[in-house]
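**Student:** What follows is a structure written as structure tokens; I'll ask about it next.
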Amino acid sequence: MKRFLAACLIVLAAPAAAHASDVSMTVRDVPLGARSLQSVSGPPSFDMLAVHWRGKGSVSFRTRSADGRWSAWQIADADTGPDPGSPESHPGWNDGTLAWVGPSTQAAFRTSGKVRALKAYYVSSKPRRTTARTLAVAGSPAIVARSAWAADTKIVTTKPALSPTIRLAIVHHTASTNAYTPAQSAAIVRGIQLYHVQGNHWNDIGYNFLVDRFGTIYEGRGGGIEQNVIGAHSLGFNKDTVGIALIGDFDGAAPTDAMRQALVKLLAWRLDVAHLDPLATTTYVSGGNLKFARGTKVTLAVISGHRDTYLTDCPGKEMSTLLPAVAQEVAATGLPKLYAPTVTGTLGGPVHFRATLSSAIPWSITVTNTAGTVVGHNAGTSSTIDWTWNATGVTGKVTWVIDGGPSLKSATGTLGSGSSAPVELLTSVTVAPTTITPMTPATTSTVIQFALSIPANVSILVYPDAGSKPVASLFAGALPAGPQSVQRDLSVLATGRYRLVLTASPAGGVPVSRSQSIVVDRTISALTVSAPLISPNGDGYLDATQFTFALERTVPIQVSIQRAGAIVATVYTGELGPGAQALVWLGTANGASLPDGEYQVVVTEIDPYGSVSAIGTFISDTTGPTLTLIDPSTLTFTLSEPASVTVVVNGQTLVQSEPAGTFRFPYAGPPPTSISASARDAAGNTGPPVTSP
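Under the working numbering, the first residue of the sequence shown carries the number 32, and numbering increases by one thereafter.
Pasting the structure below:
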């Protein structure tokens with residue numbers, strides 16, 4: 032029998048010090064009993080909802096939106112989580128997935144089967160202005176760094192655990208609405224992190240990466256996007272896997288083209304880092320869950336859906352159907368590829384190198400000792416590598432590199448005393464930002480960060496996207512082993528797409544190169560707002576403002592007014608030619624004035640290099656100041672906001688600018704017998720006059 036339940040008793044409200052003010056969580060016990068209620072009042076408002084329950088039964092919920100409409104019933108999933116026995120594991124409760132429900136005021140719950148206890152988790156996660164900074168690792172798509180989506184590092188108290196390798200990728204969906212804005216995407220990610228940490232008591236957000244419907248990729252769990260960070264996304268299958276969550280519900284709807292393309296690019300890069308064939312299968316030993324008991328050997332595709340590892344529909348029927356095609360697209364992206372490099376044997380005897388290439392290409396294997404001297408080398412052109420090196424007489428420690436040119440993700444490792452798992456010559460290569468826009472806000476400098484496992488001569492060159500002659504040299508010189516950082520101003524380059532090529536050449540060894548696409552786009556520049564303070568109330572003063580900017584070429588343009596990342600008015604949509612542009616806006620949306628507050632004008636242009644936005648800020652203020660006469664005898668007033676105050680006392684007019692608060696108007700005449708006063712703020716709004724007597 033299904034029962035409707037009422038929630039009561041707040042037992043946890045995440046403290047303000049634990050997270051930013053725009054994301055918070057309230058937890059309530061939901062009493063189980065015979066009482067049936069159609070709705071449950073939650074906190075004043077919330078955007079995301081999850082449930083925890085004890086027992087083998089199931090829980091469903093629905094929410095009432097801010098405009099009074101009830102959603103359809105949704106079955107709570109409890110299909111993610113840390114591996115059994117891990118420090119993050121807390122058995123006994125089913126931890127439901129957090130669902131984005133949009134601005135809501137109420138929730139209703141019902142149970143089916145045996146449910147012994149139930150808790151509701153209300154999360155409020157508001158859009159906020161965040162930095163546009165993305166993190167691009169060599170060969171990777173742009174990835175929004177944790178700092179850019181405002182991850183709360185204070186609530187993460189334990190260092191991430193790492194796996195020695197990655198064996199497969201598991202694709203998820205968040206099973207929530209597909210109707211969200213770009214600004215809400217980051218809010219969803221922040222809400223998921225808060226719930227996973229303070230609701231589920233995990234160390235950090237459970238997913239390694241998240242992708243929204245606009246094709247934006249977010250860095251998930253901390254620890255490094257190239258590191259094999261163990262997540263909490265697939266119970267019993269977290270070690271040696273990477274978890275990618277698609278934000279939305281893809282049971283009855285397919286992902287957008289932008290989301291699918293971003294997923295393909297992300298998988299192509301991340302599997303290349305691990306040298307995994309996306310079309311292959313692997314045998315995985317389950318850590319234990321309801322589908323596969325602990326110790327069960329499971330054959331899985333290298334790109335699998337969550338439902339392949341657990342009793343769930345995740346990532347939805349539509350996305351699950353697409354996974355084989357996605358794997359084919361991944362295999363064709365970023366060619367050539369190096370798969371499964373292995374080295375067996377020991378120094379002093381035969382050492383066997385094996386690997387597979389995606390096609391027949393020139394390759395080389397170079398082995399160097401600690402002095403940088405080449406002690407072994409072989410090269411060829413084929414799609415397979417199978418070479419036995421005679422290491423007789425070689426002692427100490429050597430470094431080996433399997434390489435196939437700058438477009439191939441090389442593999443490296445060590446043998447001998449202190450040998451370790453494969454370690455690449457170039458690691459942690461990041462380029463940020465990858466789009467240079469000398470506008471507002473301006474991004475002119477690019478920071479290239481990387482680490483060297485051994486000393487090397489390093490060069491950083493910039494090439495046209497389709498050219499072979501460099502147009503700029505950013506760095507050339509010898510660098511020691513360890514982390515490195517180079518910052519250069521690229522705004523001098525003409526608008527276009529370029530390749531930044533980083534090459535490290537160890538002494539006596541084989542150079543290793545990494546490349547990253549970058550874009551310089553100065554199509555739009557010089558955005559200004561003529562009136563940063565407007566008062567569109569029809570009084571003829573500051574009723575409108577003008578937005579001016581310049582275009583380098585003819586492009587499609589959208590000029591929108593936004594507040595907290597949501598579009599509230601569209602000023603212009605269409606194509607504009609090169610040169611100076613000026614657009615006048617009357618400060619209204621559909622004929623109505625906007626509520627008072629801070630807004631952004633966002634000028635977005637779309638050109639062959641992508642979409643770039645310039646942002647300006649202004650304030651809309653149509654409310655006059657409140658002036659109150661406290662003491663007529665001393666002309667003491669209070670003022671609600673800074674304003675110019677005009678006082679007529681005994682027929683004498685006095686004018687003075689005053690800050691908000693209590694003030695005394697300077698007057699040296701006879702005792703006041705008649706007083707009339709008014710206040711006018713910087714936007715030209717005049718408040719109601721005050722008089723005495």
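Positions of the beta carbon are idealized from the N, C-alpha and C atoms, including for glycine.
All values reported here derive from a predicted model rather than from experimental measurement.
On a Cα-Cα basis, can you pick out the residue from 376, 132, 561 and 305 that is closest to residue 219?
**Tutor:** Residue 132 is the option with its Cα nearest to residue 219.
**Student:** Cutting at 8 Å between CB atoms, please list the residues of its own chain near residue 514, excluding the five before and the five after it.
**Tutor:** So the qualifying residues of the chain are 459, 480, 481 and 482.
**Student:** So, helix, strand or coil for residue 184, using DSSP?
**Tutor:** In this structure, residue 184 counts as helix in the three-state DSSP scheme.
**Student:** Do we get a CB-CB distance below 9 Å when we pair residue 317 with the residues of chain B?
**Tutor:** Among the chains in the structure shown there is no chain B, since it carries only a single protein chain.
**Student:** For residue 546, tell me which candidate among 436, 617 and 673 has the shortest Cα-Cα distance.
**Tutor:** Closest option to residue 546, Cα to Cα, is 436.
**Student:** I need the DSSP call for residue 158, collapsed to helix, strand or coil.
**Tutor:** Here residue 158 sits in coil by DSSP.
**Student:** What is the C-beta distance between residue 549 and residue 489, in whole angstroms, given that I count them as a contact (C-beta under 8 Å)?
**Tutor:** Between residue 489 and residue 549 the Cβ distance is about 18 Å, and since that is not below 8 Å, they are no contact.
**Student:** Within the same chain, show all residues whose beta-carbon is closer than 6 Å to that of residue 719, passing over the 5 residues directly before and after it, in chain order.
**Tutor:** So the list is empty, once near-sequence residues are dropped.
**Student:** Can you check which of these residues, 244, 476 and 558, is closest to residue 293 by C-alpha distance?
**Tutor:** Comparing Cα-Cα distances from residue 293 to each of 244, 476 and 558, the minimum goes to 244.
**Student:** For residue 141 and residue 129, I'd like the C-alpha separation in whole angstroms.
**Tutor:** Cα-Cα distance, rounded: 17 Å.
**Student:** Should residue 253 go down as buried or exposed, given a rule of 16 or more other Cβ atoms within 10 Å for buried?
**Tutor:** Buried, since its Cβ has 16 or more Cβ neighbours within 10 Å.
**Student:** Taking all protein chains shown into account, decide if residue 705 is buried (16 or more other Cβ within 10 angstroms of its Cβ) or exposed.
**Tutor:** Under this definition residue 705 is an exposed residue.
**Student:** Can you tell me the Cβ-Cβ gap for residue 582 and residue 608, rounded? I've got them flagged as a contact below 8 Å.
**Tutor:** About 7 Å separates the two Cβ atoms, so the contact holds.
**Student:** With distances taken between CB atoms, is the gap from residue 366 to residue 386 smaller than 9 Å?
**Tutor:** Result no, Cβ atoms of residue 366 and residue 386 do not sit closer than 9 Å.
**Student:** Hey, would you say residue 529 sits closer than 9 Å to residue 494, going by beta carbons?
**Tutor:** In contact: residue 529 and residue 494 (Cβ atoms closer than 9 Å).
**Student:** Are the CB atoms of residue 567 and residue 618 within a distance shorter than 9 Å?
**Tutor:** It is a contact, given that the beta carbons lie within the stated cut-off.
**Student:** Would you be able to state if there are at least three C-beta pairs under 8 Å between the stretch 590-600 and the stretch 205-216?
**Tutor:** They touch, by the three-pair rule.
**Student:** Which of the three DSSP states is assigned to residue 258 in this structure?
**Tutor:** Residue state, collapsed to three classes: coil.
**Student:** Cβ atoms of residue 260 and residue 191: under 9 Å apart, would you say?
**Tutor:** Contact flag set, yes.
**Student:** Tell me whether residue 711 is buried or exposed, calling it buried when 16 or more other Cβ atoms sit within 10 Å of its Cβ.
**Tutor:** Buried, by the Cβ-count rule.
**Student:** When the Cα atoms are used, what is the spatial distance from residue 380 to residue 542?
**Tutor:** Residue 380 and residue 542: Cα-Cα distance of roughly 27 Å.
**Student:** Flag this pair as yes or no: are the beta carbons of residue 303 and residue 440 separated by less than 9 Å?
**Tutor:** In this structure, residue 440 lies closer than 9 Å to residue 303 by Cβ.
**Student:** From residue 431 to residue 444, what distance separates their C-alpha atoms?
**Tutor:** Rounded to the nearest angstrom, the two C-alpha atoms are 5 Å apart.
**Student:** Fully enclosed by the stretch 85-113, which alpha helix (DSSP H) runs are 4 residues long or longer?
**Tutor:** Qualifying alpha helix (DSSP H) stretches: none in this window.
**Student:** Verify whether the separation of the beta carbon atoms of residue 574 and residue 527 is less than 9 Å.
**Tutor:** No, they are not a contact pair.
**Student:** How many Å lie between residue 283 and residue 349 at the Cα?
**Tutor:** If you take the alpha carbons of residue 283 and residue 349, they lie about 6 Å apart.
**Student:** Measuring alpha carbon to alpha carbon, tell me which of 676, 589 and 693 ends up nearest residue 685.
**Tutor:** The shortest Cα separation from residue 685 among 676, 589 and 693 belongs to 676.
**Student:** Going by alpha carbons, who is nearest to residue 136 out of 144, 102 and 109?
**Tutor:** The option with the nearest alpha carbon to residue 136 is 102.
**Student:** Expressed to the nearest angstrom, what Euclidean distance is found between the alpha-carbon atoms of residue 505 and residue 538?
**Tutor:** Rounded to the nearest angstrom, the two C-alpha atoms are 21 Å apart.
**Student:** Just the Cα atoms here: how many angstroms apart are residue 44 and residue 601?
**Tutor:** Note that residue 44 scores 33 on pLDDT, short of 50, meaning its location in the model is unreliable; the coordinates nonetheless yield the value given after this. Going by the C-alpha atoms only, they are around 38 Å apart.
**Student:** Are the Cβ atoms of residue 264 and residue 111 separated by less than 9 Å?
**Tutor:** Yes, these two residues count as a Cβ contact at 9 Å.
**Student:** Return yes when the Cβ of residue 330 is within less than 9 Å of the Cβ of residue 315, no when it is not.
**Tutor:** Yes.
**Student:** Hey, how far is the Cα of residue 34 from the Cα of residue 124?
**Tutor:** Residue placement at residue 34 is flagged as unreliable, the pLDDT there being 39, under the threshold of 50; a coordinate-derived value is accordingly withheld.
**Student:** CA-CA distance, residue 195 and residue 378?
**Tutor:** Each residue's alpha carbon lies about 23 Å from the other.
**Student:** Using only alpha-carbon positions, find the residue among 632, 627, 670 and 638 that is nearest to residue 652.
**Tutor:** Residue 652 has its Cα closest to that of 627, out of 632, 627, 670 and 638.
**Student:** I'd like to check one pair, residue 683 with residue 696: are the Cβ atoms closer than 9 Å?
**Tutor:** Cβ atoms of residue 696 and residue 683: not closer than 9 Å.
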